[in-house]
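A.B. asks: Can you keep this structure in mind? I'll have questions shortly.
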């Protein structure tokens, strides 16, 4: 959705959200201000909070998919005839037929395909907006307070819709999963978001290889950071979610600026050690592991090394199982001193990121949200 919809394969141009908003504005004028019964997207990845906000002024319902859609698209023969016979049927009843026929048709065509489809009551989107604005503001405050590492680490552990590989991602995260992932940062906002999603998404379904989806996704940048200049100008050109957009902009600024270390007035030796501990805190669910590693590192404050820290976490093998490219490119033999610890902390934190990227599937951490997107 960040790249738009209705791609022109000749010009490689598509309709972004601001253009869709403009087109619907013109359409509504021609209808003398009357709203459409629903806006339906027979396209990939359009069941997003952002898209819902853009069509909210112009329609009563949104029908769209969180995930990629199979090539066959909607099963029009499963509901269009019924609509012709009973044109006065409610949108919710029609939407259920659209959803069910689509999911059934997808499974019949290829039982391994992913498919989702949702019916969203746009008149009830206000609760979702309020909760996401709250969470956006809270997360922005956390980042301002020096918790960018925590916020970005949580995001890195979440799989996005349309994620074909680690290098191809949309950064669209299920909004319910987003609430669960960041509930420690904003407990009241997360609770309100889950409740509002249940109220607004009046019907949804998905194939059995997906579980516990809310029916709406939300953009949380990470993998698409290098393309930010292509989509950020149109992300919220109408000012529909300013505080959440502020969080998105701040995340992108941090990510594209390579600000992997926390913003602090002064960085001390203890801060450098704690930064490493924070980056590695996703690798196990035992806090004592990190405390022991921190204590071991603190015993030799003049010789704090990433190798010894990894050894503390993973046993005597230390970095033995880490990709050799890490050792060749990132290993720093120089001891940390009072003169170089700030540079060292930055370098070693970037090294930690490289290790996480290369070894994530082999480490002991189990992402509690991965099961939502990754079937057995």
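Numbering (my numbering), first residue to last: 31 to 406.
Virtual Cβ for every residue (Gly too), placed ideally from N, Cα, C.
(1) Sort out for me which residues DSSP pairs residue 247 with in a bridge.
(2) Apart from the five residues on each side of it in sequence, which residues of its chain come closer than 8 angstroms, Cβ to Cβ, to residue 157?
(3) With distances taken Cα to Cα, identify the nearest neighbour of residue 192 among 249, 90 and 216.
(4) Going by beta-carbon coordinates alone, are residue 100 and residue 139 separated by less than 8 angstroms?
(5) Would you kindly check if the distance between the Cβ of residue 182 and the Cβ of residue 77 is under 8 angstroms?
(6) Report, in whole angstroms, the separation of the C-beta atoms of residue 244 and residue 206, which I expect to be a contact under 8 angstroms.
(7) In the structure shown, what three-state DSSP assignment does residue 54 receive?
(8) Between residue 198 and chain B, is any beta-carbon pair separated by less than 8 angstroms?
(9) Can you name, in chain order, every residue of its own chain whose Cβ lies under 6 angstroms from the Cβ of residue 199, other than the five neighbours on each side?
(10) On the DSSP letters alone, give me the boundaries of the beta strand (DSSP E) that residue 93 sits inside.
(11) I need the boundaries of the beta strand (DSSP E) containing residue 43, first residue and last residue.
(12) Classify residue 251: buried if its beta carbon has 16 or more other beta carbons within 10 angstroms, exposed otherwise.
(13) Please say whether residue 215 and residue 162 have beta carbons closer to each other than 8 angstroms?
(14) Using alpha carbons as the reference points, say which of 130, 71 and 109 lies closest to residue 92.
(15) Is the separation between the beta-carbon of residue 54 and that of residue 75 shorter than 8 angstroms?
(16) Taking DSSP as the reference, what is the three-state secondary structure of residue 68?
(17) Does the Cβ-Cβ distance between residue 208 and residue 121 come in under 8 angstroms?
(18) Identify whether residue 148 lies in helix, strand or coil by the three-state DSSP scheme.
(19) Can you find the residues in the same chain that come closer than 6 angstroms, C-beta to C-beta, to residue 148, ignoring five residues on each side of it along the sequence?
(20) Can you tell me whether residue 96 is buried or exposed? The criterion is at least 16 other CB atoms within 10 Å of its CB, across all chains shown.
(21) Do the CB positions of residue 105 and residue 135 come within less than 8 angstroms of each other?
(22) Starting from residue 13, trace the beta strand (DSSP E) both ways and give me its first and last residue.
(23) Would you report the Cα separation of residue 242 and residue 271, rounded to the nearest angstrom?
(24) Which word fits residue 211, buried or exposed, when buried means at least 16 other C-beta atoms lie within 10 angstroms of its C-beta?
(25) Beta carbon of residue 153: closer than 7 angstroms to some heavy atom of the ligand SAM?
C.D. replies: With the structure as the only source:
(1) Its beta-bridge partners are 78 and 204.
(2) Its chain contains 222, 225, 226, 229 and 230 as the residues whose beta carbon lies nearer than 8 angstroms to that of residue 157, once the 5 sequence neighbours on both sides are disregarded; these appear in chain order.
(3) Taking only the C-alpha atoms, the option nearest residue 192 is 249.
(4) Yes, they are a contact pair.
(5) Contact annotation: residue 77 and residue 182 have beta-carbon atoms that are not nearer than 8 angstroms.
(6) Under the criterion of beta carbons closer than 8 angstroms, residue 244 and residue 206 qualify as touching, at roughly 3 angstroms.
(7) Residue 54 falls in the helix class under three-state DSSP.
(8) Protein chains in the displayed structure number just one, and chain B is not present.
(9) Excluding its 5 nearest sequence neighbours in each direction, residue 199 has C-beta neighbours in its own chain below 6 angstroms: 190, 193 and 253, listed in chain order.
(10) Looking at the DSSP string, the run of the beta strand (DSSP E) that includes residue 93 is 89-94.
(11) 43-45 is the span of the beta strand (DSSP E), which, as asked, contains residue 43.
(12) Here residue 251 is buried. Its C-beta has 16 or more other C-beta atoms within 10 Å.
(13) In this structure, residue 162 sits away from residue 215, with a CB-CB distance that is not shorter than 8 angstroms.
(14) Residue 71 is the option with its Cα nearest to residue 92.
(15) With respect to residue 75, residue 54 sits apart: the two C-beta atoms are not nearer than 8 angstroms.
(16) Here residue 68 sits in strand by DSSP.
(17) In this structure, the beta-carbon distance from residue 208 to residue 121 does not fall below 8 angstroms.
(18) Residue state, collapsed to three classes: strand.
(19) So the qualifying residues of the chain are 77, 231, 234 and 245.
(20) Under this definition residue 96 is a buried residue.
(21) Yes, the pair counts as a contact, with Cβ atoms nearer than the cut-off.
(22) Residue 13 lies beyond the range of the chain shown here (31 to 406); nothing can be said about it.
(23) Straight-line Cα distance between these residues: approximately 25 angstroms.
(24) Classified as buried, residue 211 has 16 or more neighbouring CB atoms from the shown chains inside 10 Å of its CB.
(25) Of the ligands one can find in the structure shown there are none, so the ligand SAM has no counterpart to examine.
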